[in-house]
């Protein structure tokens, strides 16, 4: 199929983009186009205007400071994948990004595009959730900051207003004695995940868990944080029994299901992946106990 | 590593030999440079582009169609429902029916729905506009008023008492009933030491060529000639359908194929759009192009569907088969575009390389409200093979016989060749296996895959927490289906060798194959030979690509025609040199006196002499022109066979299945180009992997297709396909002079049975039985959980 006719706009600044989004009816932001263009060709999406952010250089930067990373919304997934800064400061993101589509789609696909599209099987929203990431958003009134969990609203829907654009993502720097892991299960490596898990564990000097983060994708329309399981882990040693127990608890998470991947299968998978991801994160955090 | 038994050294032979060599493909230069012209690349000035309004429901009655808004849209040149095209058609339906004994009635489709729609995607209205985009804008403005009717989605339910009818114009849903029946089946079961019963539900998907279908039609009103470029496997059949449906004569219709980006069966069947587009082009008096998009490819192109097998097998205590009986219910979709070849292939291919003394399978074909079903690569055979191989694995387990041993005990031996099975085929002949060494094929495969020491590797992996299994399957394939294929060769005064054939090319390398055979006889480089295939103006009669047939049929026709051409060239040279024909030989494109290089005439010189000079006699009073042709008529089907082994790894906690290694030992007789044979086997195996682990054309209970993009319909990608090792045996068939058999579908046939055998082996202690294809991780995990929850069965390992 062919996309319906639309007008193409290529602003050169964030302010110009925000102004366009505020003045045009039925406009969509074009980031990497790896989801939007197929949707338009399938006539699932039919915007009258496309506002292409691809020419706004300031949106495609990766910057680091002591607390963490600022990743511009238009940074290509491939650039993140190849970034030493990301690998060093945020290994969870580096690990997950390799699971996003194919190399060819990562060349075009952007961090911001994936976060705003919010596909339930996408990897980056799950990582943003596990990182407690903050998002910087530009609108007519200037910049505002939002926690990722206040950003993801519904199926394929964020809380961005029609005249706002995502500017950058704030990812915290991985702490000392912290380990992370990203795991997903799918039929083919490049597919959207059936279930994905992003975990972070921080240990104290004695090897006990100081903090835990477990975010899961594929269970619901948006990433879920398994807060109770995280809380139950704190203070414990990340041994095999503890992590197995966390997996069992995760398997009780209510999941959406469909004919091909029913809810009980997703729950079961979630239990397995949470156990495996926590085990991997614990080892990376330097856990000495046998896990 | 690939082993080719016939790796000839051309330098060792005085005459350039090409058959058996990995000649570079003559097709590749233009393809790799991006210069190939596929249907959508054809430059047709003034052409309009078409799209179709398709049925959004699986079954319904058309009450009204409002096309006024679509017709009013700027850029739209024509909006046609069936009634608008009917004036230039000879009848309501496209006369597709193929003779088939078991058919109770034919359901020929119309080119656009008349008053009843019978599947989602059935074309109802054709829109022609200056661009596809505008055509789609207009299509969205067409208002279809359809009264929904109950849909038949499941073939088992469709065959049940009181089921709704999938079509109101047929007496019931049982479109065909046939059977395969020989031997004393009752006696086989009465005296059996062991009986296995099973039910299988086997899905197979579509062909999914990279390039979907497409048609470009141009009608020349002055010459009253219709030219149709069609991305088809069977241009001569397409021409016949156009001649019959449009009331034109043969000289008025040309069907030509540009480069075709894959077919796999999808493009063998003549589809409604292939008539609708030329008919509309005639009304529009403008060239009209339609290129199928992927959504249409999923909903409007034929594919295979579910086969439901209920079977029982009777065995001796030593594992030898006494008989098999059962029933096959098949989902045939909403029309009969290709007879009943598909389920019949499934039923007969079940027999495989084994001695099966008695066999009865009753075959019921159910009309359903889905896109019509027709063969895609493998054409029903993978399913039949799957049933037999699963029965053998289960018997081996029950009777405590090794899986390889139970197969050996049942195998037809080379001494039994030719081996006749009392089953009548489509052409009326008995089913005869012409040649092959099945036990040796399996022996080599077991050796290549390390069968004997696999239990040790399996145990070691288990200690490391990994579950691996080794699967095994044997199969045969009837290839080279007739009745004929044509080849013409001509050399004009330019000296260029031109080969024409009714064979068609979709990427397999047909041109290279023909050029190699002709080059072998003439002693010329294949790259120097120009091959024209897939054009009805170049070849009067032809059949095209189906049933793994073109190397057998067109290959032998090329060989015969080239041999005839050399005979004529020698006769002409004998006259020119005033010598005896017996003293002449062909050497690298020159007819020369034996043993006297340089003393002779080149084929170009002979062609010039035979072109004739005004007033002068032709050499030897031969007929003019250096040309020859042959229609190779098959005398029977030649049976390719193979043995596959796959090492699989199962993650029991997720249900994930990974292929670690894949081994094929393949015997398609003499190979013309081993590299291209291997390309076919690799692609075939990948199709089989898809059918087993990924591809599944799903519908909901209303008959709405659920998998209409490649995001939902999963094809095997390079990252899930293992390294595939191919080894060859060459048992030449006695049925044709070249000794060749087909190779195009064979790879697909063995894969599902092999992979499932491996998955069950990896989960042996859990006694998992896989009865459905494809295997999904959710379903496999469900089976594993159920097995772990059940009390251990006696005798199973912990």
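Protein chains in written order, with my numbering: chain B, 1 to 291; chain R, 1001 to 1798.
Don't be surprised by glycine CBs; every beta carbon is placed ideally from N, CA and C.
Handout entry: Same chain, Cβ closer than 6 Å to residue 1013/R, neighbours up to 5 away in sequence not counted
Key = Position 13 of the second chain, counted from the start, is the residue given in the question as residue 1013/R. The pLDDT assigned to residue 1013/R is 46, lower than 50, so where the model puts this residue is not dependable, and the model offers no usable value.
Problem - Cα-Cα separation between residue 1005/R and residue 1152/R, rounded to whole angstroms - result: Here residue 1005/R corresponds to residue number 5 of the second chain, with the count starting at 1. Here residue 1152/R corresponds to residue number 152 of the second chain, with the count starting at 1. Confidence at residue 1005/R is low in this model, with a pLDDT of 42, below 50, so its placement is unreliable and the value that follows should be read with caution. Their Cα atoms are separated by approximately 52 Å.
Exercise for the section: Could you name the residues that DSSP lists as bridge partners for residue 1366/R? Expected result: Numbered from 1 along the second chain, position 366 holds the residue referred to as residue 1366/R. Looking at the DSSP assignment, residue 1366/R forms a beta bridge with 1174/R, 1331/R.
Practice task
For residue 294/B, go through chain R and note every residue whose CB falls closer than 9 Å to its CB, in chain order.
Solution key: Only positions 1 to 291 of chain B appear in the structure, and residue 294/B is not among them; the question remains open.
Handout entry: Interface flag, residue 255/B vs chain R, CB-CB below 8 Å
Key = The residue you call residue 255/B lines up with position 255 of the first chain. Not one chain R Cβ lies under 8 Å of residue 255/B.
Practice task
Report, in whole angstroms, the separation of the C-beta atoms of residue 1615/R and residue 1624/R, which I expect to be a contact under 8 Å.
Solution key: Here residue 1615/R refers to the residue found at position 615 of the second chain. Here residue 1624/R refers to the residue found at position 624 of the second chain. The Cβ separation is near 14 Å, so there is no contact.
Problem - Residue burial classification, residue 8/B (beta-carbon count within 10 angstroms, cutoff 16) - result: Position 8 of the first chain, counted from the first residue, corresponds to residue 8/B. When all chains shown are included, residue 8/B counts as exposed.
Practice task
Answer with buried or exposed for residue 65/B, where buried requires no fewer than 16 other C-beta atoms within 10 angstroms of its C-beta.
Solution key: Walking along the first chain from the start, residue 65/B turns up at place 65. It counts as exposed.
Handout entry: Proximal chain R residues relative to residue 187/B, where beta-carbon distance stays under 9 Å
Key = Within the first chain, the letter at position 187 stands for residue 187/B. Those within 9 Å of residue 187/B in chain R are 1656, 1693, 1694, 1714, 1720, 1776, 1777.
Exercise for the section: Consult DSSP for residue 1102/R and reduce its assignment to one of helix, strand or coil. Expected result: In the second chain, counting from the first residue as 1, residue 1102/R sits at position 102. The answer is coil: DSSP assigns residue 1102/R none of H, G, I, E or B.
Handout entry: Closer than 8 Å to chain B by CB, residue 1723/R
Key = As a first step, residue 1723/R is located in the second chain; it is residue number 723 there, counting from the start. For residue 1723/R, not one C-beta of chain B is nearer than 8 Å to its own C-beta.
Practice task
Could you tell me which residues DSSP puts in a beta bridge with residue 225/B?
Solution key: For the purposes of this step, residue 225/B is identified with residue 225 of the first chain, where counting begins at 1. Beta-bridge pairing links residue 225/B to 215/B.
Exercise for the section: Using three-state DSSP, classify residue 88/B as helix, strand or coil. Expected result: In the first chain, counting from the first residue as 1, residue 88/B sits at position 88. DSSP places residue 88/B in helix when its eight states are reduced to three.
Problem - residue 1242/R beta carbon less than 8 Å from that of residue 1228/R - result: Counting from 1 along the second chain, the entry for residue 1228/R is found at position 228. Counting from 1 along the second chain, the entry for residue 1242/R is found at position 242. Closer than 8 Å, so yes.
Practice task
Please work out which residues of its chain come closer than 6 Å, Cβ to Cβ, to residue 97/B, disregarding the five sequence neighbours upstream and downstream, and give them in chain order.
Solution key: Position 97 of the first chain holds residue 97/B. Cβ neighbours of residue 97/B beyond the five flanking positions: 77, 80, 81.
Practice task
For the stretch 1194 to 1212 of chain R and the stretch 1299 to 1308 of chain R, state whether three or more C-beta atom pairs, one from each stretch, are separated by less than 8 Å.
Solution key: Flag = yes, the stretch 1194 to 1212 of chain R and the stretch 1299 to 1308 of chain R touch.
Handout entry: C-beta neighbour in chain B for residue 1132/R, strict 8 Å
Key = Position 132 of the second chain, counted from the start, is the residue given in the question as residue 1132/R. Yes - at least one Cβ of chain B is within 8 Å of the one on residue 1132/R.
Problem - Integer Cβ distance of residue 1568/R from residue 1524/R, believed to fall under 8 Å - result: As a working mapping, residue 1568/R is identified with position 568 in the second chain. As a working mapping, residue 1524/R is identified with position 524 in the second chain. About 16 Å separates the two Cβ atoms, so there is no contact after all.
Exercise for the section: For the stretch 1445 to 1471 of chain R, enumerate the residues whose C-beta is nearer than 9 Å to any C-beta of chain B, in chain order. Expected result: none
Handout entry: Interface residues of the stretch 262 to 275 of chain B facing chain R [CB-CB below 7 Å]
Key = 262, 265, 268, 269, 272
Problem - Straight-line Cα distance separating residue 42/B from residue 219/B - result: The residue you call residue 219/B lines up with position 219 of the first chain. The residue you call residue 42/B lines up with position 42 of the first chain. Taking the straight line from one Cα to the other gives about 26 Å.
Problem - residue 1647/R versus residue 1371/R: straight-line alpha-carbon distance, rounded - result: Taking the second chain and counting its residues from 1, the one referred to as residue 1647/R is at position 647. Taking the second chain and counting its residues from 1, the one referred to as residue 1371/R is at position 371. Distance between the alpha carbons of residue 1647/R and residue 1371/R is about 35 Å.
Practice task
Assign residue 113/B to one of three DSSP states: helix, strand, or coil.
Solution key: As a working note, residue 113/B is residue 113 in the first chain. Of the three classes helix, strand and coil, the one that applies to residue 113/B here is helix, per DSSP.
Handout entry: Span separating the alpha-carbon of residue 257/B from that of residue 1778/R
Key = Position 257 of the first chain, counting from 1, holds the residue named residue 257/B. Position 778 of the second chain, counting from 1, holds the residue named residue 1778/R. Residue 257/B and residue 1778/R: Cα-Cα distance of roughly 11 Å.
Practice task
Evaluate contact between the stretch 127 to 143 of chain B and the stretch 205 to 212 of chain B, counting only Cβ atoms and requiring at least three cross-stretch pairs below 8 Å.
Solution key: Not touching, per the Cβ criterion.
Exercise for the section: Take the Cβ of residue 1386/R as the centre, count every other Cβ of all protein chains shown within 10 Å, and call the residue buried at 16 or more, exposed below. Expected result: Here residue 1386/R refers to the residue found at position 386 of the second chain. Residue 1386/R is buried by the Cβ-count criterion.
Problem - Same chain, Cβ closer than 8 Å to residue 1159/R, five either side skipped, listed in chain order - result: Residue mapping note: residue 1159/R aligns to position 159 of the second chain, counting from 1. Around residue 1159/R: 1173, 1174, 1329, 1364, 1366.
Problem - Where residue 196/B falls, given that 16 or more other Cβ within 10 Å makes a residue buried - result: One-based indexing of the first chain puts residue 196/B at position 196. Looking at its Cβ environment, which holds 16 or more other Cβ atoms inside 10 Å, residue 196/B is buried.
Practice task
Anything in chain B within Cβ reach of residue 1386/R, meaning under 9 Å, just list it in chain order.
Solution key: Counting from one through the second chain, the residue named residue 1386/R turns up at place 386. Those do not exist, as residue 1386/R stays about 21 Å from chain B at its closest Cβ, beyond 9 Å.
Practice task
Could you say which of 1500/R, 1444/R, 1487/R lies nearest to residue 1474/R if we only look at CA atoms?
Solution key: Here the question's residue 1474/R lines up with position 474 in the second chain. Here the closest residue by C-alpha is 1444/R.
Problem - Residue span of the alpha helix (DSSP H) that contains residue 1454/R, given as start and end - result: For the purposes of this step, residue 1454/R is taken as residue 454 along the second chain, with counting starting at 1. Where residue 1454/R is concerned, the enclosing alpha helix (DSSP H) stretches over 1454 to 1463.
Problem - Pick from 280/B, 223/B, 253/B that is closest to residue 270/B, judged by C-alpha positions - result: Position 270 of the first chain, counting from 1, holds the residue named residue 270/B. Checked all of 280/B, 223/B, 253/B; the closest Cα to residue 270/B is 253/B.
Practice task
Could you confirm whether any beta carbon from chain B is found closer than 8 Å to the beta carbon of residue 1781/R?
Solution key: Position 781 of the second chain, counting from 1, holds the residue named residue 1781/R. Yes, contact with chain B.
Practice task
Let me know the secondary structure DSSP gives residue 1270/R once reduced to three states.
Solution key: For the purposes of this step, residue 1270/R is taken as residue 270 along the second chain, with counting starting at 1. The answer is coil: DSSP assigns residue 1270/R none of H, G, I, E or B.
Problem - Coarse secondary structure for residue 1004/R, derived from DSSP in three states - result: The sequence position of residue 1004/R within the second chain is 4, counting from 1. Confidence in residue 1004/R is poor, its pLDDT being 41 and thus under 50, which makes the residue's placement unreliable; the coordinate value appears in the next sentence. Coil.
Practice task
Determine the closest residue to residue 228/B out of 199/B, 261/B, 192/B, 249/B, with distance taken between C-alpha atoms.
Solution key: As a position in the first chain, residue 228/B is number 228, starting the count at 1. Among 199/B, 261/B, 192/B, 249/B, the Cα nearest to that of residue 228/B belongs to 249/B.
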